[in-house]
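Q: This is the structure I have questions about; it appears just below.
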Amino acid sequence: MATIDTPGRAAPPVVIDAEEARRERSRRLERTGRWLLPLIIMAAAIWFWDRICVWNEIPRYILPRPGVVLNTLIEDAGLLFSSLLVTLRITLLSLALAVFGGVGLSVLFTQSRWIEMSLFPFAIVLQVTPIVAIFPLINIYVDDQTTKLLLCAWIVAFFPILSNTTLGLNSVDRNLIDYFRLNGATRWQTLWHLRLPAAMPYFLGGLKIAGGLALIGAVVAEFVAGTAGQSSGLASRIIEAGYRLNAPRLFAALILISLTGIVIFLTLSWISHLVLHRWHESALKQEQ
Amino acid sequence: MPPATHPLLILHAIGKTFASGVTALDRVNLTVNEGDFMSLLGPSGCGKSTALRIIAGLSQPTSGVVDWRGAPLKQNDIGFVFQEPTLLPWASVYDNVWLPLRLRGVSRAEAAPQIADVLERVHLTGFEKAVPRELSGGMKMRVSIARGLVTRPRILLMDEPFAALDEITRFKLNNDLLDLWAERGFTVIFVTHSVFESVFLSNRVTVMAARPGRVFDEVAVDAPYPRNKSFRTSPEYAALCRKTSDVLVGAINATAQDLEAETYGDH
Numbered sequence: 103m104a105t106i107d108t109p110g111r112a113a114p115p116v117v118i119d120a121e122e123a124r125r126e127r128s129r130r131l132e133r134t135g136r137w138l139l140p141l142i143i144m145a146a147a148i149w150f151w152d153r154i155c156v157w158n159e160i161p162r163y164i165l166p167r168p169g170v171v172l173n174t175l176i177e178d179a180g181l182l183f184s185s186l187l188v189t190l191r192i193t194l195l196s197l198a199l200a201v202f203g204g205v206g207l208s209v210l211f212t213q214s215r216w217i218e219m220s221l222f223p224f225a226i227v228l229q230v231t232p233i234v235a236i237f238p239l240i241n242i243y244v245d246d247q248t249t250k251l252l253l254c255a256w257i258v259a260f261f262p263i264l265s266n267t268t269l270g271l272n273s274v275d276r277n278l279i280d281y282f283r284l285n286g287a288t289r290w291q292t293l294w295h296l297r298l299p300a301a302m303p304y305f306l307g308g309l310k311i312a313g314g315l316a317l318i319g320a321v322v323a324e325f326v327a328g329t330a331g332q333s334s335g336l337a338s339r340i341i342e343a344g345y346r347l348n349a350p351r352l353f354a355a356l357i358l359i360s361l362t363g364i365v366i367f368l369t370l371s372w373i374s375h376l377v378l379h380r381w382h383e384s385a386l387k388q389e390q
Numbered sequence: 372m373p374p375a376t377h378p379l380l381i382l383h384a385i386g387k388t389f390a391s392g393v394t395a396l397d398r399v400n401l402t403v404n405e406g407d408f409m410s411l412l413g414p415s416g417c418g419k420s421t422a423l424r425i426i427a428g429l430s431q432p433t434s435g436v437v438d439w440r441g442a443p444l445k446q447n448d449i450g451f452v453f454q455e456p457t458l459l460p461w462a463s464v465y466d467n468v469w470l471p472l473r474l475r476g477v478s479r480a481e482a483a484p485q486i487a488d489v490l491e492r493v494h495l496t497g498f499e500k501a502v503p504r505e506l507s508g509g510m511k512m513r514v515s516i517a518r519g520l521v522t523r524p525r526i527l528l529m530d531e532p533f534a535a536l537d538e539i540t541r542f543k544l545n546n547d548l549l550d551l552w553a554e555r556g557f558t559v560i561f562v563t564h565s566v567f568e569s570v571f572l573s574n575r576v577t578v579m580a581a582r583p584g585r586v587f588d589e590v591a592v593d594a595p596y597p598r599n600k601s602f603r604t605s606p607e608y609a610a611l612c613r614k615t616s617d618v619l620v621g622a623i624n625a626t627a628q629d630l631e632a633e634t635y636g637d638h
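Just so you know, the sequences run in chain order Y and U.
Per the working numbering: the first sequence = residues 103 to 390.
Per the working numbering: the second sequence = residues 372 to 638.
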């Protein structure tokens with residue numbers, strides 16, 4: 103009875119032919135190469151950057167050497183990291199709001215085609231209009247600086263979550279929907295036990311995009327609002343450093359923003375893996 | 372197990388016309404007796420699945436009446452097994468079988484004895500924690516059958532459940548399904564393309580013709596149960612298959628004549 107598909111694994115050491123050996127070797131090489139190659143290229147790029155500065159005697163207020171940037175990152179750590187926290191706070195808050203708004207709206211959409219047909223175009227309008235162009239309006243109508251930035255970042259971030267989750271909620275196996283109907287499931291039960299879990303991969307895909315967009319939204323919003331003064335996120339630091347020709351700090355702030363984006367992406371990818379790996383990706387590790 | 376003779380369900384002149392104008396079913400009359408294992412056999416497009424959906428209440432007939440002989444249909448009365456296993460891919464075997472009970476408000480712990488029992492009957496004890504992607508096609512179908520039976524339905528509707536399986540697995544599942552049917556005494560309506568499968572399993576084969584879908588004829592399969600491997604190779608089985616096959620050819624020809632030579636494509 104136990105006819106289970108267990109794609110070849112956990113095999114005892116066996117004699118393999120030359121072709122298999124070659125395949126295994128290239129697989130191992132690829133695994134190392136996947137992280138080693140980008141590191142080597144990155145190191146080479148930094149070295150090249152340093153050399154350009156030296157060879158061309160470029161002054162540090164135009165293009166600082168990588169070492170100088172690193173020093174600035176350490177020396178200005180207090181200033182830069184407190185700014186990072188400001189930007190990060192806006193990013194994460196707007197991402198959270200995007201999740202609430204995006205998922206909430208998409209659930210509303212799946213409750214009624216009419217609501218979806220009526221409201222979806224508005225979501226698209228919000229998405230396709232460049233946020234920089236909307237911001238002056240927000241600036242007029244909203245007083246509170248944090249609210250301004252949040253609203254701005256939210257508009258940028260919520261769309262991928264909305265559109266992906268809507269797609270996911272509507273992509274449920276028709277037979278499963280029939281099965282729920284047959285068993286007298288309520289609308290809420292169908293949503294909770296069927297539609298939401300089925301939409302999870304789509305939602306998480308949207309979340310990964312939205313994480314990056316929330317950061318972009320937060321930085322852009324701060325750029326546009328930056329002149330207002332009291333905000334002190336990383337974008338304001340960049341503008342400030344630009345005015346003062348403090349290129350090392352500008353680079354340091356830029357690197358911090360990049361790293362933040364990478365960390366956000368990796369974290370969301372990891373969450374996605376945790377949630378999905380058992381049923382949605384190739385992972386057949388636990389059973390027997 | 373000798374089938375009882377009092378009717379559980381009668382279809383009176385069921386018709387179904389889709390909005391596109393296609394007539395899926397035309398005046399279908401069918402009586403299903405308590406304890407029957409009835410197969411609906413016919414070519415593609417003969418409305419077997421539509422008939423099943425109407426019986427399940429998933430689809431409304433355009434005309435005619437589905438008569439449950441006065442016994443008001445309760446939710447627990449119908450089990451349904453689709454052509455695909457149609458499981459929740461994120462849920463374990465246990466949770467998949469729990470699903471119909473869960474939707475009726477039975478807690479995970481309360482459901483445990485029933486789930487353990489039904490999983491044992493489909494030979495899946497020990498696989499409770501596996502998720503569908505870790506199972507073979509046959510095992511997934513077993514989960515689907517367990518899910519269909521866990522509520523102890525009076526009638527199990529099966530829509531070509533084994534069509535996608537390899538022959539060895541299908542034979543095994545055929546045997547196990549017959550064992551379950553004999554033990555539990557529910558009624559089965561089994562939609563299939565396969566003459567051999569319908570004859571092996573059922574006590575009655577209703578042959579349908581296509582365009583419009585209608586009942587063409589019925590073949591009584593009066594071989595005794597339990598049926599096993601020796602039945603599968605017996606002359607009796609071969610003769611019944613030939614008889615059923617002849618009726619099916621008649622049904623297909625009837626369709627072809629209706630349409631003046633449209634070819635029948637088997638899937």
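All C-beta atoms in this analysis are idealised placements derived from N, C-alpha and C, irrespective of residue type, glycine included.
Please read these numbers as outputs of a predicted model, since none were measured by experiment.
1. How far does the alpha helix (DSSP H) with U/F602 in it reach, from first residue to last?
2. Quick test of the definition: if touching needs 3 or more C-beta pairs under 8 Å, does the segment 514-529 of chain U touch the segment 461-470 of chain U?
3. Decide if Y/A330 is buried, meaning its Cβ has at least 16 other Cβ atoms within 10 Å, or exposed.
4. Do you know how far the Cα of U/E505 is from the Cα of Y/Q388?
5. Less than 8 Å between C-beta atoms, sequence neighbours within five positions excluded: which residues of the same chain meet that for Y/E324?
6. Given a cut-off of 8 Å on the beta-carbon distance, is the pair U/S573 and U/F561 in contact?
7. State the Cα-Cα distance for the pair Y/T292 and Y/G180, rounded to the nearest angstrom.
8. I need the straight-line Cα distance from U/D593 to U/F602, nearest angstrom please.
9. Within 10 angstroms of its Cβ, does Y/L139 collect 16 or more other Cβ (buried), or is it exposed?
10. Could you tell me whether the Cβ of U/F389 comes closer than 8 Å to any Cβ of chain Y?
11. If the cut-off is 9 Å on Cβ atoms, which residues from the segment 263-287 of chain Y count as contacting chain U, listed in chain order?
12. Going along the chain, which residues of its own chain have a beta-carbon closer than 6 Å to the beta-carbon of Y/D246, five neighbours each way excluded?
13. Could you compute how far the alpha carbon of U/V489 sits from the alpha carbon of Y/Y281?
14. Less than 8 Å between the CB atoms is what I'm expecting for U/G508 and U/A482, so what's the real figure, rounded?
15. Tell me where the beta strand (DSSP E) around U/A591 begins and ends.
16. Runs of 4 residues minimum, wholly inside the segment 251-288 of chain Y: which ones carry the alpha helix (DSSP H) assignment?
17. What separation, rounded to the nearest whole angstrom, lies between the Cα atoms of Y/A301 and Y/D275?
18. Pull up the CB-CB distance for U/M579 and U/G418, whole angstroms please, since I reckon it's below 8 Å.
19. For U/T457, return the contacting residues in chain Y, with the cut-off set at a CB-CB distance below 9 Å.
20. Please state if the CB of U/A622 and the CB of U/G386 are separated by a distance shorter than 8 Å.
21. Go through its chain and collect everything with a Cβ distance to Y/D119's Cβ below 8 Å, but skip five positions before and after it.
22. Would you please state the rounded distance, in angstroms, between the beta carbons of U/T558 and U/G428? I believe it to be under 8 Å.
23. At what residues does the beta strand (DSSP E) containing Y/I164 begin and finish?
24. Starting from the beta carbon of U/W461, find every residue of chain Y whose beta carbon is closer than 7 Å, and list them in chain order.
25. For the beta strand (DSSP E) containing U/R398, list its first residue and its last residue.
26. Classify Y/I242: buried if its beta carbon has 16 or more other beta carbons within 10 angstroms, exposed otherwise.
27. Along the chain, where does the beta strand (DSSP E) containing U/F408 start, and where does it finish?
28. Given that Y/Q213 touches chain U, what residues does it touch there, using C-beta distances under 7 Å?
29. From Y/L165 to Y/D152, what distance separates their C-alpha atoms?
30. Relative to the C-alpha of U/R555, which candidate in U/L396, U/A462, U/R525 and U/R440 has its C-alpha closest?
31. What residues match up with U/M639 in a beta bridge as DSSP calls it?
32. If you reduce the DSSP assignment to three classes, tell me which class U/D466 lands in.
33. How should U/D537 be labelled, buried or exposed, when 16 other C-beta atoms within 10 angstroms of its C-beta is the threshold for buried?
34. In chain order, what residues of the same chain have a beta carbon less than 7 Å from the beta carbon of Y/G363, not counting five sequence neighbours either side?
35. Hey, U/V493 and U/D547 are a contact pair by Cβ (cut 8 Å); roughly how many whole angstroms apart?
36. State the DSSP-derived secondary structure class of U/T626, mapped to helix, strand or coil.
A: According to the structure shown:
1. Here the alpha helix (DSSP H) through U/F602 covers K600 to R603.
2. In short, these stretches touch, since the Cβ pair count reaches three.
3. Note on Y/A330: pLDDT 49, under 50, position unreliable in the model; no value is reported.
4. Note that Y/Q388 has pLDDT 39, beneath the 50 cutoff, so the model's placement of it is unreliable and the number below is only indicative. If you take the alpha carbons of Y/Q388 and U/E505, they lie about 9 Å apart.
5. Hits under 8 Å: T189, I192, L251, S333, G335, L336, A337 and S338.
6. Yes, the pair counts as a contact, with Cβ atoms nearer than the cut-off.
7. Y/T292 and Y/G180: Cα-Cα distance of roughly 51 Å.
8. Rounded to the nearest whole angstrom, the CA to CA distance from U/D593 to U/F602 is 12 Å.
9. Around the beta carbon of Y/L139, fewer than 16 other beta carbons lie within 10 angstroms, which makes this residue exposed.
10. No, because no Cβ of chain Y sits closer than 8 Å to the Cβ of U/F389.
11. Within the segment 263-287 of chain Y, the qualifying residues are D275, N277, L278, D280, Y281, F282, R283, L284, N285, G286 and A287.
12. When the five nearest sequence neighbours on each side are left out, no beta carbon in the same chain lies closer than 6 Å to the beta carbon of Y/D246.
13. Cα to Cα, U/V489 sits roughly 19 Å from Y/Y281.
14. Between U/A482 and U/G508 the Cβ distance is about 26 Å, and since that is not below 8 Å, they are no contact.
15. R585 to A591 is the extent of the beta strand (DSSP E) around U/A591.
16. Whole alpha helix (DSSP H) segments, 4+ residues: 276-284.
17. One C-alpha to the other measures close to 11 Å.
18. Contact holds; Cβ gap of about 7 Å.
19. Neighbours of U/T457 on chain Y, chain order: D275, N277, L278, D280 and Y281.
20. No, the Cβ-Cβ distance between U/G386 and U/A622 is not below 8 Å.
21. Shown here for Y/D119: not one same chain residue has a beta carbon closer than 8 Å to its own, the five before and five after excluded.
22. About 16 Å separates the two Cβ atoms, so there is no contact after all.
23. Counting along the chain, no beta strand (DSSP E) covers Y/I164, and no H or E run does either.
24. Correct list: P299 and W381.
25. Secondary structure note for U/R398: its beta strand (DSSP E) is the uninterrupted segment T394 to N404.
26. It counts as exposed.
27. If you look at U/F408, you'll find it in the beta strand (DSSP E) that goes F408 to L412.
28. Neighbours of Y/Q213 on chain U: none; closest Cβ ~19 Å, over 7 Å.
29. Separation of Y/L165 and Y/D152 (C-alpha to C-alpha, rounded to the nearest whole angstrom) is 9 Å.
30. Between U/R555 and the set U/L396, U/A462, U/R525 and U/R440, the nearest pair of CA atoms involves U/R525.
31. Because chain U in this structure spans residues 372 to 638, residue 639 of chain U falls outside the shown range and cannot be described.
32. In the three-state DSSP reduction, U/D466 falls in the helix class (H, G or I).
33. It is exposed - the Cβ of U/D537 has fewer than 16 other Cβ atoms within 10 Å.
34. Beyond the five residues adjoining it in sequence on each side, Y/G363 comes within less than 7 Å, by CB distance, of G314 and L317 in the same chain, given in chain order.
35. Confirmed, Cβ separation roughly 7 Å.
36. Annotated three-state conformation of U/T626 is helix, per DSSP.
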